[in-house]
Amino acid sequence: MKLQDKVALITGGSRGIGKAVAMAYAREGAKVAICARTGSEVEQAAQEIGALRAECKGWTCDVSVEASVKEFVAAAGDEFGRIDILVNNAGVMTRPASITELDIKKWDYTIAVNLRGPFLVTQAVLPLMMKQRSGSIINVSSIIGRGAYANFIAYATSKWGLEGFTQTLAAEVRSYNIRANTVEPGVVATKLTGYSGSKPESVTEVFVYLAADEAKGITGKMLNSSGWRQEVGKNRG
Ligand code: NAP
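The following block contains the structure:
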């Protein structure tokens, strides 16, 4: 059990990658707090995770709304008493469109969820982690946040921003023994991709690694869900 007695807060934990990570954490002994906007999906996921004999609770929260985030993080902190792991996973991607055709509302929406969201949630969680003088923050990025992909300007900008956010955060909280890294999960079969790609369960290993004490000293890294072992100099097994 790599995460025994640790408490993990996972945004967008109701389906897709977030739910798979929440289940993997539960199997490793963590207590799990999840959130998403759709209450019925959050409840269903929390029940499924709880069925793994793990403590799990779900909240309805929109990560782009300050008051909603504050309420969620305060409630999760009260429920579990601490937060050891934060996975900023909630994210959206609108239909591909050229920069000249992209609706400004879609730009604002994407940046609000994918960039403002992680900022708000991290800002709300940090006081607790700083008091504990420990924590691991994992931000879910994308290959589109590390290269040039035409017609994804808002999504790409949000994820490039998240990479910079993470590097800066890692430098800022290092002295509190808090780590911050990004994971690029590859193409995963979720609602966001129209269910094409690899199974969400197949990308969770790197999330467990980064959350566990084993990854002590790993911060400011941009890891890939398949190549991460080489990236951290860890041999297979
Ligand atoms: P998904 O199945 O659509 O799941 C997204 C999750 O985020 C859902 O739980 C969703 O629930 C939640 N969410 C969306 N907007 C939210 C908001 N404003 N506040 C709170 N929760 C919100 O997509 P996914 O593929 O698992 O995506 C998870 C993360 O991985 C995203 O950051 C995405 O950019 C990233 N990613 C995915 C892939 C891929 O191939 N799938 C590749 C690279 C990166 P509600 O809609 O109910 O809020």
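0 is the number of the first residue of the sequence shown in numbering that gives the first Met the number 0; add one for each residue after it.
Built from N, CA and C at the ideal position, the CB exists for glycine as well.
Quick caveat: nothing in here was measured; it's all calculated off a predicted structure.
Pull up the distance between the alpha-carbon of residue i and that of residue j, whole angstroms please.
i, j, result
"Ile33", "Thr203", "16 Å"
"Asn234", "Val205", "13 Å"
"Arg132", "Gln166", "19 Å"
"Ser63", "Gly116", "5 Å"
"Ile82", "Gly146", "33 Å"
"Ala53", "Glu27", "9 Å"
"Val20", "Ile103", "32 Å"
"Ser13", "Asp77", "21 Å"
"Asp4", "Lys30", "7 Å"
"Glu42", "Lys105", "28 Å"
"Ala50", "Glu40", "15 Å"
"Val68", "Ala170", "24 Å"
"Thr99", "Phe164", "27 Å"
"Ala23", "Glu65", "28 Å"
"Phe71", "Asn113", "17 Å"
"Arg94", "Arg173", "37 Å"
"Ala214", "Glu162", "19 Å"
"Leu101", "Ile136", "31 Å"
"Arg228", "Leu209", "11 Å"
"Cys60", "Lys18", "15 Å"
"Ala73", "Tyr148", "38 Å"
"Lys130", "Phe118", "19 Å"
"Arg175", "Ala211", "Per the sequence presented here, residue 175 reads as Tyr, with Arg not at that position. So the two alpha carbons sit approximately 17 Å from each other."
"Ala75", "Trp159", "29 Å"
"Ile84", "Cys55", "14 Å"
"Gly226", "Val120", "28 Å"
"Arg201", "Val231", "Strictly speaking, residue 201 in this sequence is Ser, with Arg absent from that position. Distance between the alpha carbons of Ser201 and Val231 is about 19 Å."
"Ala111", "Gly80", "29 Å"
"Lys198", "Asp107", "30 Å"
Throw me the rounded Cβ distance for the residue i and residue j pair, which I believe falls under 8 Å.
i, j, result
"Met221", "Thr181", "5 Å"
"Lys1", "Val207", "6 Å"
"Val86", "Ala7", "7 Å"
"Gly57", "Thr189", "Their Cβ separation, rounded to whole angstroms, is 18 Å, which puts Gly57 and Thr189 out of contact at 8 Å."
"Ser157", "Glu183", "Between Glu183 and Ser157 the Cβ distance is about 14 Å, and since that is not below 8 Å, they are no contact."
"Thr192", "Ala89", "Their Cβ separation, rounded to whole angstroms, is 16 Å, which puts Thr192 and Ala89 out of contact at 8 Å."
"Ala153", "Thr109", "4 Å"
"Leu168", "Ala155", "Actually they are not in contact, since the Cβ atoms of Leu168 and Ala155 sit about 20 Å apart, beyond 8 Å."
"Asn150", "Ser195", "Their Cβ separation, rounded to whole angstroms, is 17 Å, which puts Asn150 and Ser195 out of contact at 8 Å."
"Ile177", "Gly134", "4 Å"
Would residue i count as contacting chain B if we go by Cβ distances under 9 Å?
i, result
"Gly216", "Annotation note: the requested chain B is absent from the structure, which comprises a single protein chain."
Any chance the region 29 to 44 sits against the region 141 to 153, with 3 or more Cβ pairs inside 8 Å? no
Is it the case that the region 36 to 55 contacts the region 115 to 125, given that we only count it when at least three CB pairs across the two stretches are under 8 Å? Not touching, per the Cβ criterion.
Suppose only complete runs of 4+ residues qualify. What are the alpha helix (DSSP H) ranges in the region 111 to 193, listed by chain order? 116 to 131, 152 to 172
At 4 residues or longer, what runs of the alpha helix (DSSP H) sit wholly inside the region 26 to 63? 38 to 49
If you scan the region 76 to 101 from start to end, which runs of the alpha helix (DSSP H) of 4 or more residues do you find wholly inside it? none
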